[in-house]
Amino acid sequence: MQPEIHHSSNNDARETESAQTTRSLSAPNQLARRSFLRNLGLGAALLVPGAALLSGSSKALAGNGRQRLNAGDVAILQLLAAAELIEADLWQQYKELGGVDAPDSGYKAGLVILDGDQPQYISDNTDDELSHAAFLNAYLTSKGEQPIDLHQFATLPPSQVSFVPQTGRLTNLKQLTIDTSWWTRYRSTTNPDFGATFPNAVPSLDIGLHTAIPRTDNELGDPNHPSNRVKATAFTAGFHFGYIEQGGTSLYATLAQKVTSLEVLRILLSIGGSEIMHFQTWQDKAGNATPLTAFDPINNSTVTFIDLTTGQPETLQANLIMPEPCEFIGPGLPACSIIRPTGPGQLDATGVINSFIADGLFIGQPPQFLHLITSLASAADAAEREGGD
Ligand SMILES: [Fe+2]
Ligand SMILES: [Fe+2]
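Per the working numbering, residue 16 is the first one in the sequence shown, and the count goes up by one each step.
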């Protein structure tokens, strides 16, 4: 049974206040964020259209035997909604250039080198992220809480490729610095929750800036004879896919430990499982990158891919995609095959957002955006499970 937790002791007063700021802001950390958002003038911007009209329907749901969420669960769901909107935005860009409906190009041919079904997987991963974001926001709304809308920050320039809609985007995929240590982490017997660190599988991706999408029609390449430059962009995307989804994998498992409501726990375990399936798919595909070195004159950077399929140590070998058993919980226990990290201070909300910032996903975003998402992350990480140990 879930503990009965009241969001606020003054529901009547809350009903009379503007709906936009009254639903999720009772905990100290959320009060801080509320003030912060007001200072930035972002309180209203966070609302999806029509949210102000949701008082009645949410009340009906809440009054229909449905318990309100505590502040920690709300903060976790709001951070996850933001993360899913970010994921959806970047996946949409990949889908436009490499999904099943994207015109043939050298870039798409490069993706197909990784797997013949790569365009299908890209389209489906995109749909999954859209569903995650929509579900989390709808669930928040159904509980009378404030959903997340980042539309006002979708201002970054898209790829200039002619068939890409010239609409502003939330994320940058043209100047990435990609941490590929997740590859060696999952092939190691050590665990970052115990302080272990891991080398990059593709060291050059973690140095300088790299594009993961064609920036112009000239960079689409020949579908029948993609150049090394075009293939390098596709392989960069291939490793970026794994990078993104390993983050989601750890994020959900880490935050699940802070959830109070069993229903919210069910949501985190279920969506988190989807992230794990994404991650596993992408790490199986990235290892099919063929050896090449290519120079990007715009970012002034070089990337080198080696053949990870043969002649590599176990920490790099491409087909070792099952999580290598590693240390877990305590030193007296046997090694266990798990997702990792899942401990505090690793890929928790702040850790994932900081990692996304380091990845370059938000290059071009104003400080207000960074303040907003780091604030959401801090609130989520501050959540504490109630009614348990
Ligand atoms: Fe997702
Ligand atoms: Fe995902």
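All C-beta atoms in this analysis are idealised placements derived from N, C-alpha and C, irrespective of residue type, glycine included.
| query | result |
| --- | --- |
| Cβ pair Trp-7, Gln-298 closer than 9 Å | The requested residue 7 does not occur in the structure, where the chain is confined to residues 16 to 404. |
| heavy atom of ligand 2 below 8 Å from Ser-285 C-beta | no |
| Straight-line gap, Leu-62 to Ala-309 (C-alpha atoms, nearest Å) | At Leu-62 the pLDDT is 41, less than 50, meaning the model places this residue with poor confidence and gives no usable figure here. |
| Three-way DSSP call (helix, strand, coil) for Arg-48 in this model | With a pLDDT of only 33 at Arg-48, under the threshold of 50, the placement of this residue in the model should not be trusted; the figure read from the coordinates follows. DSSP places Arg-48 in helix when its eight states are reduced to three. |
| Rounded distance between the beta-carbons of Lys-189 and Ile-444, thought under 8 Å | Outside the shown range of the chain, which is 16 to 404, sits residue 444, and nothing can be said about it. |
| Thr-317 - DSSP class collapsed to helix/strand/coil | strand |
| Closer than 6 Å: residues whose CB approaches a heavy atom of ligand 2 | Glu-102, Glu-144, Glu-260, Gly-263, Glu-290, His-293 |
| Rounded C-alpha distance that separates Gln-332 from Gly-87 | 41 Å |
| Beta-carbon proximity of Phe-250 to Leu-191, cut-off 9 Å | no |
| Ala-398 - DSSP class collapsed to helix/strand/coil | coil |
| For Phe-254, the nearest candidate out of Thr-296, Leu-235, Asn-239 (CA to CA) | Thr-296 |
| Beta-carbon gap between Thr-170 and Gln-380 smaller than 9 Å | yes |
| DSSP-derived helix/strand/coil call for Arg-184 | strand |
| Under 9 Å between C-beta atoms of Tyr-122 and Pro-312 | no |
| Separation of Thr-275 from Asp-116, as counted between CA atoms | 41 Å |
| heavy atom of ligand 1 below 8 Å from His-147 C-beta | yes |
| Inter-residue CB distance, Lys-273 and Ile-91 (contact presumed, cutoff 8 Å) | 6 Å |
| Proximity below 9 Å, CB of Leu-151 to CB of Ile-321 | no |
| Sequence-distant residues of the same chain with beta carbon closer than 7 Å to Glu-144, five excluded per side | Glu-99, Glu-102, Ala-103, Trp-106 |
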